[in-house]
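Asks: Residue numbers (this note's numbering): 13 to 589.
I'd like to ask some things about the structure below.
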Amino acid sequence: MHSKQSKAWYGLVVAAGLLATLSLPVEAGPAGRVQFVNGAVSVVGVGAGGVTRTPKKGDVISEGEFINTGPDGNMQIRMNDDGIVAVRPNTRLRIDIFQYQGKQDGSENSVFSLLKGGFRAITGAVGRLNKDKYSVQTPTATIGIRGTDHEPFFIPEGSTEFGSAPAGTYDKVNVGQARIQTAAGMVDINPNQVGFAAGVGSRPALLPSVPAFFRATSQTSQSKSKASGQQQGEVAAVEAPAEQQAASQTATQRPTVATVEGLDGVRIDLTSQRATDNAGNPIDLNGQPLAGGVLAGALIDKQSDNRQGAGAGSADGARVRLGADGGLVAISDGIDRQLTRGSALLADRGGNLLNVGGVAIPVEWGRWDQTPPDHVFDSTRSGLDNDHLGSLHYIYGPSLTPAGKLDATSFGAAAGRYSLVGGTHPTSQRAGEAGRLEDMQMVVNFSAQRIDGYALKLSFGERVFRAINAEKVRLTPRFEFGLIGKCTGCGTNEDLIGKAAGGFVGPTANGVLTSYGLNSLGSVERAVGTALLGMAETYTTPPELPPLPTTPIPPEPEPPEPPEPPVPPCRLPPRSW
């Protein structure tokens with residue numbers, strides 16, 4: 013289908029990588045600085061007589077230099093475009109080209125050669141707008157990106173450091189999209205997927221599960237880092253979305269600490285909302301205090317006449333309280349609504365990282381599950397008990413985007429499309445039922461200061477909910493708008509109404525935290541949940557129509573005019589929680 017074009021593209025990229033290797037600049041330019049180093053790590057300078065040195069925090073890493081890590085070695089580099097490269101143990105990596113002049117004008121370029129092992133890259137400005145300006149070369153394949161967070165890995169033939177995994181090129185995507193290309197073809201990799209190419213003549217494919225070495229390298233380096241009393245860049249307290257999606261739906265307590273260690277060595281206390289550097293000095297993120305966070309949540313209310321309504325809402329970080337385990341304890345909307353966890357079980361807990369100004373910041377999600385009378389959470393409005401059904405879903409991030417940064421200049425493009433990274437499993441009005449959030453997209457027009465598109469698809473077996481935004485809304489740090497849609501399998505393909513809420517996180521809208529509540533109009537079907545969206549694509553010209561890949565409401569033939577039905581007793585408009 014795309015073989016000629018794909019092979020031509022592959023040949024050009026490989027040729028560019030070889031040229032970069034053979035003809036390095038006489039004076040290699042700086043690519044980034046070391047933020048963290050631990051264990052056996054060495055850097056080999058440019059040229060045949062390149063000097064081998066042991067790097068330390070603050071050292072410059074330049075184009076053309078090799079980075080070598082031993083079995084206990086790892087290093088994190090903050091690139092000059094605010095990206096992060098976290099090099100794993102047993103790795104040999106070279107920065108072939110890194111060019112960034114402070115703007116995305118087509119002159120920027122980043123090419124890495126991965127000869128063994130792996131690294132995690134949370135990309136910065138290079139590759140954000142011009143996707144073809146970023147690539148990772150291995151001896152068997154080329155990796156390109158259409159997103160912001162991925163983990164390339166290469167296992168040479170005969171290597172024994174990585175267990176029994178087959179030799180070849182791997183790439184795991186956390187946010188956005190990547191692709192692996194060989195002479196035989198190409199495969200696109202979406203969040204929570206791993207692509208693999210065995211050799212130059214092998215066609216890349218998606219793996220059915222995440223290989224063990226991705227997790228094992230993180231655990232090994234983390235345990236050794238703790239043993240030496242140093243901080244480790246991989247986050248221990250926040251699970252990866254792939255693991256969260258595979259987790260049991262049973263409500264369980266996951267013991268974690270409230271302090272999270274970030275990718276560039278900072279420590280973030282989720283309870284006190286403070287961050288410190290390696291020396292214990294307080295820091296902030298580009299002038300933003302961590303207390304300026306945002307939480308989005310959703311639940312099903314039950315009224316005195318036994319009607320139900322699924323609703324969604326948001327609260328700023330000053331009204332969010334986290335417990336000693338880092339989990340959500342209480343929320344206030346600042347007006348009249350209070351929610352406290354009480355004896356409810358903390359379930360479906362997970363999270364991910366966002367690259368915020370070169371610092372990896374955790375986003376946490378979960379549910380309060382109640383099974384009366386032993387496990388219940390409290391909900392009050394104006395001091396009076398507000399009855400509810402099932403679970404409360406939440407998602408929390410500690411860095412709300414300032415209103416003055418929601419513009420095309422700060423964002424770096426006229427418009428952007430956000431796609432699903434992870435979130436809670438949706439729940440319904442049926443006790444103990446948990447479904448699957450299959451897709452969610454959001455299109456933001458920064459030039460026109462609007463949220464143009466929002467679409468989601470979720471399912472509970474044969475019951476499939478699809479919804480879109482009812483209207484375009486003004487762009488603000490926190491948002492709220494109505495949803496309309498269809499539910500197939502709910503009675504006779506019933507109409508849906510509902511609500512979405514949430515907020516942008518990071519200094520330049522790096523991600524979106526959102527919650528949703530959906531209500532069918534003909535029966536008692538309800539659906540609630542939360543999600544994290546990451547930047548998937550940017551546009552120099554805002555699209556006329558939101559480029560949402562999943563058609564939210566399939567067209568149906570016009571039915572004959574039915575008689576006017578009575579209003580069902582269960583009908584309830586969406587409510588703000």
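Quick reminder that beta carbons are idealized off the backbone N, C-alpha and C, glycines included.
Compare the Cα-Cα distances from Asn364 to each of Phe225, Thr66 and Leu545 and report the closest residue.
Replies: Your numbering for residue 364 matches position 352 in the sequence shown. Here the closest residue by C-alpha is Leu545.
Asks: Would you report the Cα separation of Arg353 and Ala443, rounded to the nearest angstrom?
Replies: The residue you call residue 353 lines up with position 341 of the sequence shown. The residue you call residue 443 lines up with position 431 of the sequence shown. Taking the straight line joining both Cα atoms gives about 18 Å.
Asks: Taking DSSP as the reference, what is the three-state secondary structure of Thr552?
Replies: Sequence index remark: in the sequence shown, residue 552 carries index 540 (1-based). Residue state, collapsed to three classes: coil.
Asks: What is the DSSP secondary structure of Ser532, reduced to helix, strand or coil?
Replies: Residue mapping note: residue 532 aligns to position 520 of the sequence shown, counting from 1. Three-state DSSP puts Ser532 in a strand.
Asks: Evaluate Val63 with the Cβ neighbour count: other Cβ atoms within 10 Å of its Cβ, from every protein chain shown; 16 or more gives buried, anything less gives exposed.
Replies: Numbered from its first residue, the sequence shown carries residue 63 at position 51. Looking at its Cβ environment, which holds fewer than 16 other Cβ atoms inside 10 Å, Val63 is exposed.
Asks: From which residue to which residue does the alpha helix (DSSP H) around Phe423 run?
Replies: Locating residue 423 in the sequence shown gives position 411, where the first residue counts as 1. Run containing Phe423: Ala420 to Phe423, per the alpha helix (DSSP H) assignment.
Asks: Give a yes or no on contact between the stretch 176-196 and the stretch 152-163, applying the rule of three or more CB pairs nearer than 8 Å.
Replies: The answer is yes - the stretch 152-163 touches the stretch 176-196, with three or more Cβ pairs under 8 Å.
Asks: Just grab the DSSP bridge partners of Arg106 for me.
Replies: Within the sequence shown, the letter at position 94 stands for residue 106. According to DSSP, which records beta bridges pairwise, Arg106 is partnered with Phe78 and Ser125.
Asks: How do the stretch 375-389 and the stretch 494-512 stand: do at least 3 beta-carbon pairs fall below 8 Å, yes or no?
Replies: In short, these stretches do not touch, since the Cβ pair count stays below three.
Asks: Run through the DSSP bridge pairs and tell me what Pro466 is partnered with.
Replies: For the purposes of this step, residue 466 is taken as the residue at position 454 of the sequence shown. Here residue 466 is Tyr; the residue named in the question, Pro, does not match the sequence. Per DSSP, Met454.
Asks: Roughly how many angstroms separate the alpha carbons of Gly424 and Leu307, rounded to a whole number?
Replies: The residue labelled residue 424 in the question sits at position 412 within the sequence shown. The residue labelled residue 307 in the question sits at position 295 within the sequence shown. So the two alpha carbons sit approximately 25 Å from each other.
Asks: With H, G and I counted as helix, E and B as strand and the rest as coil, what does DSSP make of Ala415?
Replies: Here residue 415 corresponds to residue number 403 of the sequence shown, with the count starting at 1. Residue state, collapsed to three classes: helix.
Asks: Going by CA-CA distance only, name the one from Val56, Ala521 and Met91 that's closest to Val46.
Replies: The residue given as residue 46 occupies position 34 in the sequence shown. Cα-wise, what sits closest to Val46 is Met91.
Asks: Within a Cβ cutoff of 7 Å, which residues of the same chain sit near Glu445, ignoring the five residues on either side of it in sequence?
Replies: Along the sequence shown, one-based indexing puts residue 445 at 433. Closer than 7 Å at the Cβ level, and outside the excluded window around Glu445, lie Thr439 and Phe472.
Asks: For Val187, which option in Ala224, Val99, Ala548 and Pro554 has the closest C-alpha, if you only look at C-alpha atoms?
Replies: By 1-based counting over the sequence shown, the position of residue 187 is 175. It is Ala548 whose Cα lies nearest to the Cα of Val187.
Asks: Relative to the alpha-carbon of Glu376, which residue among Ala359, Thr383 and Ser391 has its alpha-carbon at the smallest distance?
Replies: As a position in the sequence shown, residue 376 is number 364, starting the count at 1. That would be Ala359, whose Cα lies nearest to the Cα of Glu376.
Asks: If you draw a straight line from the C-alpha of Arg191 to the C-alpha of Ile201, how long is it?
Replies: As a first step, residue 191 must be located in the sequence shown, where it is residue number 179. As a first step, residue 201 must be located in the sequence shown, where it is residue number 189. Distance between the alpha carbons of Arg191 and Ile201: 6 Å.
Asks: Give me the residue from Asn86, Phe78 and Gly514 with the minimum Cα distance to Val49.
Replies: For this step, residue 49 is matched to residue 37 along the sequence shown. Per the Cα distances, Asn86.
Asks: Start and end of the beta strand (DSSP E) containing Val53?
Replies: Taking the sequence shown and counting its residues from 1, the one referred to as residue 53 is at position 41. Its beta strand (DSSP E) spans residues Val53 to Val56.
Asks: Could you give the distance in angstroms between the alpha-carbon of Pro168 and the alpha-carbon of Ala209?
Replies: The residue given as residue 168 occupies position 156 in the sequence shown. The residue given as residue 209 occupies position 197 in the sequence shown. Rounded to whole angstroms, Pro168 to Ala209 spans 12 Å at the Cα level.
Asks: With C-beta atoms as the reference, is Gly41 less than 8 Å away from Gln113?
Replies: Position 29 of the sequence shown, counted from the first residue, corresponds to residue 41. Position 101 of the sequence shown, counted from the first residue, corresponds to residue 113. No, they are not a contact pair.
Asks: Who are the near neighbours of Glu492 in its chain, counting only those whose CB is closer than 6 Å to its CB and skipping five residues on each side?
Replies: The count along the sequence shown starts at 1 and reaches residue 492 at position 480. So the list reads Ala513, once near-sequence residues are dropped.
Asks: Could you check where the beta strand (DSSP E) with Cys502 kicks off and where it finishes?
Replies: Locating residue 502 in the sequence shown gives position 490, where the first residue counts as 1. Cys502 -> no beta strand (DSSP E), and no H or E assigned at all.
Asks: Assuming contact is defined by CB atoms lying nearer than 8 Å, are Ala310 and Gly541 in contact in what I supplied?
Replies: Reading the sequence shown from its first residue, position 298 is the one you call residue 310. Reading the sequence shown from its first residue, position 529 is the one you call residue 541. Contact flag set, yes.
Asks: Between Lys143 and Arg158, is the Cβ-Cβ spacing less than 8 Å?
Replies: Counting from one through the sequence shown, the residue named residue 143 turns up at place 131. Counting from one through the sequence shown, the residue named residue 158 turns up at place 146. Their beta carbons are under 8 Å apart, which means Lys143 touches Arg158 by this criterion.
Asks: Among residues of its own chain, excluding the 5 on either side of Gly44, which ones have a beta-carbon nearer than 6 Å to its beta-carbon?
Replies: The residue labelled residue 44 in the question sits at position 32 within the sequence shown. Closer than 6 Å at Cβ, skipping near neighbours: Ile73, Ile89, Arg90, Met91 and Asn92.
Asks: Find the nearest neighbour of Val206 within the set Gln193, Ser221 and Arg215, judged by alpha-carbon distance.
Replies: Counting from 1 along the sequence shown, the entry for residue 206 is found at position 194. It is Ser221 whose Cα lies nearest to the Cα of Val206.
Asks: Which one of Ile109, Asp419, His437 and Arg429 has the shortest CA to CA distance from Trp380?
Replies: Stepping through the sequence shown from its first residue, residue 380 is reached at position 368. Nearest C-alpha to Trp380: His437.
Asks: What residue range is occupied by the uninterrupted beta strand (DSSP E) comprising Phe174?
Replies: Your numbering for residue 174 matches position 162 in the sequence shown. Taken as a continuous stretch (DSSP letters only), Phe174 belongs to no beta strand (DSSP E), as it is neither H nor E.
Asks: Just tell me which of Val456, Ala460 and Leu432 has its CA closest to the CA of Leu449.
Replies: For this step, residue 449 is matched to residue 437 along the sequence shown. For the residues Val456, Ala460 and Leu432, the minimum Cα distance to Leu449 belongs to Leu432.
Asks: Any idea what DSSP makes of Lys145, helix, strand or coil?
Replies: Position 133 of the sequence shown, counted from the start, is the residue given in the question as residue 145. Here Lys145 sits in helix by DSSP.
Asks: Give me, in chain order, the residues of the same chain whose beta-carbon lies closer than 8 Å to that of Ser532; leave out the 5 immediate sequence neighbours on both sides.
Replies: Residue mapping note: residue 532 aligns to position 520 of the sequence shown, counting from 1. Cys499, Cys502, Gly503, Glu506, Asp507, Leu508 and Arg538.
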